[in-house]
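Chemist: Structure incoming, see below.
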Amino acid sequence: MSNFLSKLLFWVLFLATGLSNLPAGHAAPPLCQNLFSETLSSPAVPLISMDSRYRGEDRGLYIDPVTQKPWQVHYYSMAEKNAFELIPQNGLLVHRNGKKADSPFDAESLSFESALLVIDKDLRIFILPFEERGRFHHSSLSAGEDVLFAGTAAFNAGVLRELSDQSGHYKPSPQQTLIAIKELQKMGVDLSMLKLSGRIAQHFRNTYYLSPKEVRDILNAN
Numbered sequence: 014m015s016n017f018l019s020k021l022l023f024w025v026l027f028l029a030t031g032l033s034n035l036p037a038g039h040a041a042p043p044l045c046q047n048l049f050s051e052t053l054s055s056p057a058v059p060l061i062s063m064d065s066r067y068r069g070e071d072r073g074l075y076i077d078p079v080t081q082k083p084w085q086v087h088y089y090s091m092a093e094k095n096a097f098e099l100i101p102q103n104g105l106l107v108h109r110n111g112k113k114a115d116s117p118f119d120a121e122s123l124s125f126e127s128a129l130l131v132i133d134k135d136l137r138i139f140i141l142p143f144e145e146r147g148r149f150h151h152s153s154l155s156a157g158e159d160v161l162f163a164g165t166a167a168f169n170a171g172v173l174r175e176l177s178d179q180s181g182h183y184k185p186s187p188q189q190t191l192i193a194i195k196e197l198q199k200m201g202v203d204l205s206m207l208k209l210s211g212r213i214a215q216h217f218r219n220t221y222y223l224s225p226k227e228v229r230d231i232l233n234a235n
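Every position in the sequence shown, counted from 1, becomes a number in our numbering once 13 is added.
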């Protein structure tokens, strides 16, 4: 038996038989504490993968079915992505420079202009206020890696006002969108004015969008 397996077996047996016999006030050894903590840690949130058809899109390996030209999607580095990160702060979503997230308002359509939004596997929130076919997509913010959520969003003075599960690269299911919203809720993000649209609205109410009250009702029921 290897040295590593021997040590692992020792600590497993210790946890099984010896931990309960420690004298009162006696702390378990650090390694034991670490192993014990890991067994009690909460499971990671489920993630969604990018549609495999787009693999290699950053290297010209995906051919646009319309234009018949290869895509050259820009994948932002972690340093570049910092400029697009939003941070929860007192219920609001703000940029790293402290400016509240805000979306232009279209007076003609009476609606906010949406930005691409990605919540990555580390639960960091990023927005991209522009999109260009074959060049800038959700995958630009994720570098093609698994994410918690990808869609579009609109903001007003830091308040998340609209969220859609619209993403051709990731296609989040209604349940995955619900998971993402609950994670935002855990982060303390103000959802009192949030409207939802897309597959999740169709799934829960067979409608185009869910009002803030309907969103609250669904969150409370699920």
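Note that the Cβ used here is the ideal one computed from N, Cα and C, for glycine as well.
Please read these numbers as outputs of a predicted model, since none were measured by experiment.
#1: In the DSSP assignment, what are the bridge partners of Asn169?
#2: By alpha-carbon positions, which one of Lys199, Ala234 and Asn219 ends up nearest to Val58?
#3: In three-state terms, what does DSSP make of His87?
#4: Based on DSSP bridge pairs, tell me the residues matched to Asp203.
#5: Just tell me which of Asp135, Val86, His87 and Leu176 has its CA closest to the CA of Leu204.
#6: Can you list, in chain order, the residues of its chain with a C-beta nearer than 7 Å to that of Leu141? Leave out the 5 residues immediately preceding and following it.
#7: Please go through the same chain and pick out, in chain order, the residues whose beta-carbon is closer than 6 Å to the beta-carbon of Phe217, but skip the five residues on each side of it.
#8: Determine which residues share a DSSP beta bridge with Phe125 and list them.
#9: Do Pro187 and Ala163 have their beta-carbon atoms positioned less than 8 Å apart in this structure?
#10: Can you have a look at Phe168 and say buried or exposed, based on whether 16 or more other CB atoms are within 10 angstroms of its CB?
#11: Buried or exposed: where does Ser6 fall if 16 or more other Cβ atoms within 10 Å of its Cβ makes it buried?
#12: Verify whether the separation of the beta carbon atoms of Gly157 and Tyr75 is less than 8 Å.
#13: Once DSSP output is grouped into helix, strand and coil, what is the label at Phe162?
#14: Output the boundary residues of the alpha helix (DSSP H) element that contains Val228.
#15: Could you tell me the boundaries of the alpha helix (DSSP H) in which Gln215 lies?
#16: Under the rule that 16 or more other beta-carbon atoms within 10 Å means buried, what is Met63, buried or exposed?
#17: How many Å lie between Leu136 and Leu105 at the Cα?
#18: Tell me whether Glu70 is buried or exposed, calling it buried when 16 or more other Cβ atoms sit within 10 Å of its Cβ.
#19: For Leu123, count neighbouring C-beta atoms within 10 Å of its own C-beta (all shown protein chains included) and say buried if the count is 16 or more, exposed if not.
#20: Is it buried or exposed for Gly211, if we count other Cβ within 10 angstroms and need 16 for buried?
#21: For a test of the three-state rule: what should DSSP assign to Ser155, helix, strand or coil?
#22: Between the Cα of Asp178 and the Cα atoms of Leu191, Gly171, Ala170 and Val172, which residue gives the shortest distance?
Modeler: Looking at the atomic coordinates:
#1: By 1-based counting over the sequence shown, the position of residue 169 is 156. According to DSSP, which records beta bridges pairwise, Asn169 is partnered with Val172.
#2: Here residue 58 is taken as the residue at index 45 of the sequence shown, counted from 1. In terms of CA proximity to Val58, Lys199 leads the group Lys199, Ala234 and Asn219.
#3: Locating residue 87 in the sequence shown gives position 74, where the first residue counts as 1. If DSSP states are grouped into helix, strand and coil, His87 belongs with coil.
#4: Against the sequence shown, residue 203 aligns to sequence position 190. None; Asp203 has no bridge partner.
#5: Indexing the sequence shown from 1 puts residue 204 at position 191. Of Asp135, Val86, His87 and Leu176, the residue nearest in Cα terms is Leu176.
#6: For the purposes of this step, residue 141 is identified with residue 128 of the sequence shown, where counting begins at 1. If we look at Leu141 and ignore the five residues flanking it on each side, its Cβ neighbours are Phe97, Ala128, Leu129, Phe149, Ser153 and Leu154.
#7: In the sequence shown, the residue the question calls residue 217 occupies position 204. Closer than 6 Å at the Cβ level, and outside the excluded window around Phe217, lie Ile231.
#8: Within the sequence shown, numbered from 1, the residue matching residue 125 stands at position 112. Answer is Phe118.
#9: Within the sequence shown, numbered from 1, the residue matching residue 163 stands at position 150. Within the sequence shown, numbered from 1, the residue matching residue 187 stands at position 174. No; because the gap between Cβ atoms is not below 8 Å, this pair is not in contact.
#10: Your numbering for residue 168 matches position 155 in the sequence shown. Counting Cβ neighbours within 10 Å, Phe168 comes out buried, since at least 16 surround it.
#11: Given a span of 14 to 235 for the chain in the structure shown, any question on residue 6 remains unanswerable.
#12: Along the sequence shown, read from residue 1 onward, the residue named residue 157 stands at position 144. Along the sequence shown, read from residue 1 onward, the residue named residue 75 stands at position 62. Result no, Cβ atoms of Gly157 and Tyr75 do not sit closer than 8 Å.
#13: Stepping through the sequence shown from its first residue, residue 162 is reached at position 149. Three-state result, Phe162: strand.
#14: Along the sequence shown, read from residue 1 onward, the residue named residue 228 stands at position 215. Element bounds for Val228: Pro225 to Ala234.
#15: Counting from 1 along the sequence shown, the entry for residue 215 is found at position 202. Note, Gln215: alpha helix (DSSP H), Arg212 to Arg218.
#16: If you number the sequence shown from 1, residue 63 lands on position 50. Met63 should be labelled buried.
#17: Start at 1 with the first residue of the sequence shown, and residue 136 comes out as number 123. Start at 1 with the first residue of the sequence shown, and residue 105 comes out as number 92. Their backbone Cα atoms lie some 16 Å apart in a straight line.
#18: In the sequence shown, residue 70 corresponds to position 57, counting from 1. Buried is the call here.
#19: Here residue 123 is taken as the residue at index 110 of the sequence shown, counted from 1. That one is exposed.
#20: As a position in the sequence shown, residue 211 is number 198, starting the count at 1. Burial call: buried.
#21: Your numbering for residue 155 matches position 142 in the sequence shown. Of the three classes helix, strand and coil, the one that applies to Ser155 here is helix, per DSSP.
#22: For the purposes of this step, residue 178 is identified with residue 165 of the sequence shown, where counting begins at 1. Nearest of Leu191, Gly171, Ala170 and Val172 to Asp178, Cα basis: Leu191.
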